[in-house]
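Student: Mapping to UniProt numbering: the sequence shown position 50 is 50, numbers consecutive. By construction, the Cβ of each residue, glycine as well, lies at the ideal position given by its N, Cα and C atoms.
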Amino acid sequence: MIGYVTVGTNDLERAAKFYDAIAAELGVGRMMEFETFIAWGDMGGAPGIAATKPFNGETATVGNGTMVAFEAKDREQVQKLHEIALAHGGSDEGEPGPRGEPDANGMVFYAAYFRDPDGNKLNAFLMDKVG
């Protein structure tokens, strides 16, 4: 249902470096690029993410309660995405680890939380067997 998610940025070059690194770890690259907008993902694939300077010319601000989640393939990739985010100007919002209790099938939500350099909240997650 979701085609892509857009986050605002006040520094597209800085955002590009951050999201280029995140996208590379997820196995995708830039799929669209304009003077004020870059989108990462695969055309016709899973939903992508874009960073843009606001169309109205105003300062980009962070949505309170808004978060974009990247689905990881395993716990190691959750860790790696968290590390990449911090190494590229992001900030920590929660170390990688299980959240909550396992469901009836023994699956647990495993995630790491971080912010991009503009302050947009992101996470890397997967549903994984307890262990």
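1) Would you kindly check if the distance between the Cβ of PRO102 and the Cβ of HIS82 is under 7 Å?
2) Closer than 6 Å by C-beta to ALA69: which residues in its own chain qualify, once you throw out the five before and the five after it? Chain order, please.
3) If we call anything under 7 Å between Cβ atoms a contact, is GLY94 one with TYR113?
4) Which word fits ILE49, buried or exposed, when buried means at least 16 other C-beta atoms lie within 10 angstroms of its C-beta?
5) Under DSSP, the alpha helix (DSSP H) around VAL68 begins and ends at which residues?
6) Quick check on this structure: which residue in SER91, MET32, GLY65 and ASP42 has the alpha carbon closest to the alpha carbon of PHE18?
7) Can you tell me the Cα-Cα spacing of GLY65 and THR36, whole angstroms?
8) Just to confirm the assignment, what range does the beta strand (DSSP E) spanning VAL7 have?
Tutor: Let me lay it out:
1) One thing to note: HIS82 has its Cβ no nearer than 7 Å to the Cβ of PRO102.
2) Cβ neighbours of ALA69 beyond the five flanking positions: ASN123 and PHE125.
3) At the C-beta level, GLY94 and TYR113 come within 7 Å of one another.
4) The residue in question, ILE49, is buried, as its Cβ has 16 or more Cβ neighbours within 10 Å.
5) Taken as a continuous stretch (DSSP letters only), VAL68 belongs to no alpha helix (DSSP H), being part of the beta strand (DSSP E) at 67-71.
6) Selected option, being the one with the closest Cα: SER91.
7) CA-CA distance, GLY65 to THR36, rounds to 25 Å.
8) Counting along the chain, the beta strand (DSSP E) containing VAL7 begins and ends at 4-8.
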